[in-house]
Amino acid sequence: MVAVPTKGPIVVIADDLTGAAELAGRAVACGITSQVVLLSRGCEVPVLQSASDVVCVDTDSRGLSPEDAMVQVRIAATFALELSPRFIFKKVDSVLRGPVLFEIRELMQVFGFPQCLLVPCNPTLGRTIVGGRYLINGKPISFTQFRHDPEYPRLNDKVTELMECPPGLRLALTSRMKWPIADVIIGEAQDIDDVLFWARKVRKEVLPAGGSDFFSACLVMHGGLSAEAVFGVDGCLEHAEAKTVSRELFVCGSASKTTVDFIAEQARRGVRVIGLPREALENDPMQDRVQQVSEKICNALEDVPRVILSVGLPLVSDRVVGARLSSWLSMVTVDVLHRTRIKRVYAEGGATAVALARQAGWHRLRVVGELARGVVMCQTGGETGVEYVIKPGSYPWPAWVREAPIQHET
4 MVAVPTKGPI VVIADDLTGA AELAGRAVAC GITSQVVLLS RGCEVPVLQS
54 ASDVVCVDTD SRGLSPEDAM VQVRIAATFA LELSPRFIFK KVDSVLRGPV
104 LFEIRELMQV FGFPQCLLVP CNPTLGRTIV GGRYLINGKP ISFTQFRHDP
154 EYPRLNDKVT ELMECPPGLR LALTSRMKWP IADVIIGEAQ DIDDVLFWAR
204 KVRKEVLPAG GSDFFSACLV MHGGLSAEAV FGVDGCLEHA EAKTVSRELF
254 VCGSASKTTV DFIAEQARRG VRVIGLPREA LENDPMQDRV QQVSEKICNA
304 LEDVPRVILS VGLPLVSDRV VGARLSSWLS MVTVDVLHRT RIKRVYAEGG
354 ATAVALARQA GWHRLRVVGE LARGVVMCQT GGETGVEYVI KPGSYPWPAW
404 VREAPIQHET
């Protein structure tokens, strides 16, 4: 799929941690080893300490300006070339948030791809592109929770208007009927057959980019796996449940309706929910205030096996404030990990997941398994090594997570 040596791993370049983990989890679910590498902004990628079939690099660039995002992508691409990749895949947000086309163009220039085939939607999750419109379970995206996204509100369902296009980049959207003359071609898809069709169109001169369904289809067409192994029977893949554990902490930084509903549901079940102090909206975290919140969490874990740390403050759309809140959440969580034994940490939302990983010094994550679509369990290292479960804010937790017992066993 790319004109470089073919003995190395499949390399995925993603713009956020949950996206990188999602595709790494897809690989593990198919019996392929994978790991996630976090790229520090403006720095080289850490040297890999072990080999794997798939290496997913998080550039942490979704919230950056196009110029800064392209710098991150170029560093990741340089790292990828050193691995002599079997092929390159550009993971983008399934609803096209972030400087998507700028990052794609940068990869095309680094690797010399004359074209990119972009299939962002995930029909297996009800996310489709039909007639040039983006639909969520048949409803225009502009009438779903994505309309209220604090950073990238989806106010339009016309796919080509959901992204900023770099000057001079030729963009075209098409169905199966034709292959247009363009630099970036967006493929419509309303089912897995459509996605597999587009995967067949990927050649060595075409950069594949998109969501987890398209990545899975590329594993079928170019990775030697069967469609049944990748997508399961009738497109439904069964997921093994990970045994629930005592002393687990949920860190919920997403503002999505899915997250809000989950917190409310857990509170009704008796799970202790602890929020940040109101000063977090205006002030950077101070150690004494961080310790006060973490002490509440540690005390709560003496009574119940599950605690939720949430923002617990009014919704904000300011990116600076959002980053500050993520910093609060991550510093509190790391303080908890140093104070008491935690078996498993669940992080909800890409910004939250990456802020916590960086605060804890988790620069490489070994992917253990895919617990549900987009819900991935990783193993961290270091003194605060834990099972780390992460997912995008808009994806639901599986039922066995939501319904787990909340009383200590006696």
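Counting along the sequence shown from 1, when you hit position 132 you're at 135 in the numbering used here, and nothing is skipped either side. The beta-carbon is built from N, C-alpha and C at its ideal position, and this holds for glycine as well.
What residue from Arg89, Arg342 and Val198 has the CA that sits closest to Val58's CA?
Comparing Cα positions, the closest option is Arg89.
How is Lys207 classed by DSSP in three states: helix, strand or coil?
Looking at Lys207 - three-state DSSP - the assignment turns out to be coil, as it is neither helix nor strand.
For Gly325, list the residues DSSP reports as bridge partners.
BP columns for Gly325 are empty, so no partner.
From Pro367 to Met180, what distance separates their C-alpha atoms?
The sequence given here places Arg at residue 367; Pro does not occur at that position. Straight-line Cα distance between these residues: approximately 42 angstroms.
So the alpha helix (DSSP H) Val357 belongs to, where does it begin and stop?
From DSSP, the alpha helix (DSSP H) with Val357 extends over Gly353 to Ala363.
Please classify Pro8 as buried or exposed, where buried requires at least 16 neighbouring CB atoms within 10 angstroms.
In this prediction, Pro8 scores a pLDDT of 37, lower than 50, which makes its location untrustworthy; no coordinate-derived value is stated.
Whole-angstrom Cβ separation of Val276 and Ile311, contact assumed at under 8 angstroms?
Val276 to Ile311, Cβ: 5 angstroms. Contact.
Hey, quick one: how far does the beta strand (DSSP E) through Arg369 stretch, first residue to last?
It spans Arg367 to Ala375 - the beta strand (DSSP E) in which Arg369 sits, taken as one unbroken run.
Restricting to runs no shorter than 3 residues, where is the beta strand (DSSP E) found entirely within the segment 84-133?
List check, beta strand (DSSP E) in window: 90-94, 118-122 and 130-133.
Starting from the Cα of Trp201, find the closest Cα among Asp186, Pro317, Glu208 and Met224 and give me that residue.
Nearest option by C-alpha distance: Met224.
CB-CB under 6 angstroms to Gly238, same chain, minus the five flanking residues each way: which ones, in chain order?
The predicted model places Gly238 with a pLDDT of 43, which falls under 50 and marks its position as unreliable, so this point remains unresolved.
For Arg271, I'd like the list of residues in its chain whose CB is within less than 7 angstroms of its CB, leaving aside the five on either flank, ordered along the chain.
So the list is empty, once near-sequence residues are dropped.
If the criterion is Cβ atoms closer than 7 angstroms, does the pair Pro395 and Gly384 meet it?
Against a cut-off of 7 angstroms, the Cβ pair of Gly384 and Pro395 comes out as no contact.
Is Gly28 helix, strand or coil by DSSP?
Correct three-state label for Gly28: helix.
Compare the beta carbon distance of Val337 and Ala363 with 7 angstroms and say whether it is the shorter of the two.
Taking 7 angstroms as the Cβ cut-off, Val337 and Ala363 qualify as a contacting pair.
Out of curiosity, what's the CA-to-CA distance linking Asn470 and Leu279?
One cannot answer for residue 470 here, as it falls past the ends of the chain, which runs 4 to 413.
Can you tell me where the alpha helix (DSSP H) with Leu51 in it begins and where it stops?
No alpha helix (DSSP H) holds Leu51; DSSP gives it neither H nor E.
Out of Gly227, Ile35 and Ala72, state which residue places its alpha-carbon closest to the alpha-carbon of Leu106.
Rather than Leu, the amino acid found at residue 106 in this sequence is Glu. Nearest C-alpha to Glu106: Ala72.
Answer with buried or exposed for Trp182, where buried requires no fewer than 16 other C-beta atoms within 10 angstroms of its C-beta.
Burial call: exposed.
Using the Cβ count rule (16 or more neighbours within 10 Å means buried), how would you classify Pro156?
Burial call: exposed.
Considering Ser313, what are the terminal residues of the beta strand (DSSP E) in which it resides?
That run of the beta strand (DSSP E) goes Arg309 to Ser313.
Helix, strand or coil for Glu154? Go by DSSP, reduced to three states.
Coil at Glu154, not helix or strand.
Bridge partners for Pro280 per DSSP, in chain order?
Answer is none; Pro280 lacks a bridge partner.
What are the start and end residues of the beta strand (DSSP E) that includes Phe253?
Element bounds for Phe253: Glu251 to Cys255.
Can Thr261 and Pro399 be called in contact, C-beta distance under 7 angstroms?
Result yes, Cβ atoms of Thr261 and Pro399 sit closer than 7 angstroms.
Please determine, among Ile13, Ala23 and Asp152, the residue with the shortest C-alpha to C-alpha distance to Ser259.
When only C-alpha atoms are compared, the closest one is Asp152.
If contact is defined by three or more beta carbon pairs under 8 angstroms, each pair taking one atom from either stretch, is the segment 35-43 in contact with the segment 113-124?
Contact fails: fewer than three Cβ-Cβ distances are below 8 angstroms.
So, is Leu359 buried or exposed, given that buried needs 16 or more other C-beta atoms within 10 angstroms?
With 16 or more Cβ atoms within 10 Å of its Cβ, Leu359 is classed as buried.
Helix, strand or coil: which one does DSSP assign to Ala303?
Looking at Ala303 - three-state DSSP - the assignment turns out to be helix.
If you run the structure through DSSP and keep just helix, strand and coil, what is Ile148?
Per the sequence shown, residue 148 should be read as Gln rather than Ile. Three-state result, Gln148: helix.
Taking the continuous beta strand (DSSP E) assigned at Thr177, which residues delimit it?
Here the beta strand (DSSP E) through Thr177 covers Leu174 to Thr177.
What residue from Ser215, Arg108 and Asn125 has the CA that sits closest to Ile188's CA?
Selected option, being the one with the closest Cα: Arg108.
What residue range does the beta strand (DSSP E) around Ile188 cover?
Run containing Ile188: Val187 to Gly190, per the beta strand (DSSP E) assignment.
Just to confirm my understanding: we take Ser229, look at its own chain, exclude 5 residues before and 5 after, and list those with CB closer than 6 angstroms. What are they?
Correct list: empty, nothing qualifies.
Grab the span of the beta strand (DSSP E) containing Cys59 for me, first residue to last.
Val57 to Asp61 is the extent of the beta strand (DSSP E) around Cys59.
Quick check on DSSP: helix, strand or coil for Gln38?
In the structure shown, Gln38 sits in a strand (DSSP, three-state: E or B).
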